[in-house]
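*Asks:*
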Amino acid sequence: MRKGEKKRRWTAEERAFVVANYGRMSHGEIAKHLGRSTIAVQAFARRFRLVKDAQPTLEVDPEALTPAQVRTLVQRVEMLERAVAEYEEEREGWLERIDALEGRVAASKR
Numbered sequence: 421m422r423k424g425e426k427k428r429r430w431t432a433e434e435r436a437f438v439v440a441n442y443g444r445m446s447h448g449e450i451a452k453h454l455g456r457s458t459i460a461v462q463a464f465a466r467r468f469r470l471v472k473d474a475q476p477t478l479e480v481d482p483e484a485l486t487p488a489q490v491r492t493l494v495q496r497v498e499m500l501e502r503a504v505a506e507y508e509e510e511r512e513g514w515l516e517r518i519d520a521l522e523g524r525v526a527a528s529k530r
């Protein structure tokens, strides 16, 4: 933050944009779109524990898998999908709580 600049609060729209595009766009692209610094976007991501999508590290020939291995992989993928969905619901709940608290703080300052 430059001398004399005031720290801007993140709006609900900005937060939603970062959450929706984190991992799809670079920090710099997100920052440019929002008119914020790259450091601000990185700090936001750390604060809300955002992670970029994991990249596969191992390629497997599907034809070489046994039916039991396929079932195990399907079960693990389903388990991970449920965990991700629960995480996203929890994160959305936190963002909603933050919005509500910011509204209460703003109302108390009036």
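Residue numbers (this note's numbering): 421 to 530. Even glycine gets a Cβ: it sits at the ideal position worked out from N, Cα and C. No experiment lies behind these values; they were computed from the predicted model shown.
(1) Quick check: the Cα distance between Val-439 and Ser-528, rounded to an integer number of angstroms?
(2) Taking only runs of the alpha helix (DSSP H) that begin and end inside the region 431-459, which ones reach a length of at least 4 residues, in chain order?
(3) Quick test of your reading: Lys-472 and Tyr-507, contact by CB under 8 Å. State the CB separation rounded to the nearest angstrom.
(4) Using 8 Å as the threshold, is the region 486-506 in touch with the region 447-465, meaning 3 or more CB pairs across them?
*Replies:* If we stick to the structure as given:
(1) For the purposes of this step, residue 439 is identified with residue 19 of the sequence shown, where counting begins at 1. For the purposes of this step, residue 528 is identified with residue 108 of the sequence shown, where counting begins at 1. In this structure, the CA atom of Val-439 is about 28 Å from the CA atom of Ser-528.
(2) Segments of the alpha helix (DSSP H) lying fully in the region 431-459: 432-441, 447-454.
(3) Residue 472 sits at position 52 when you count from the first residue of the sequence shown. Residue 507 sits at position 87 when you count from the first residue of the sequence shown. The C-beta separation of Lys-472 from Tyr-507 comes to about 14 Å, leaving the pair out of contact by the 8 Å criterion.
(4) Because the criterion of three Cβ pairs below 8 Å is not met, the region 486-506 and the region 447-465 do not touch.
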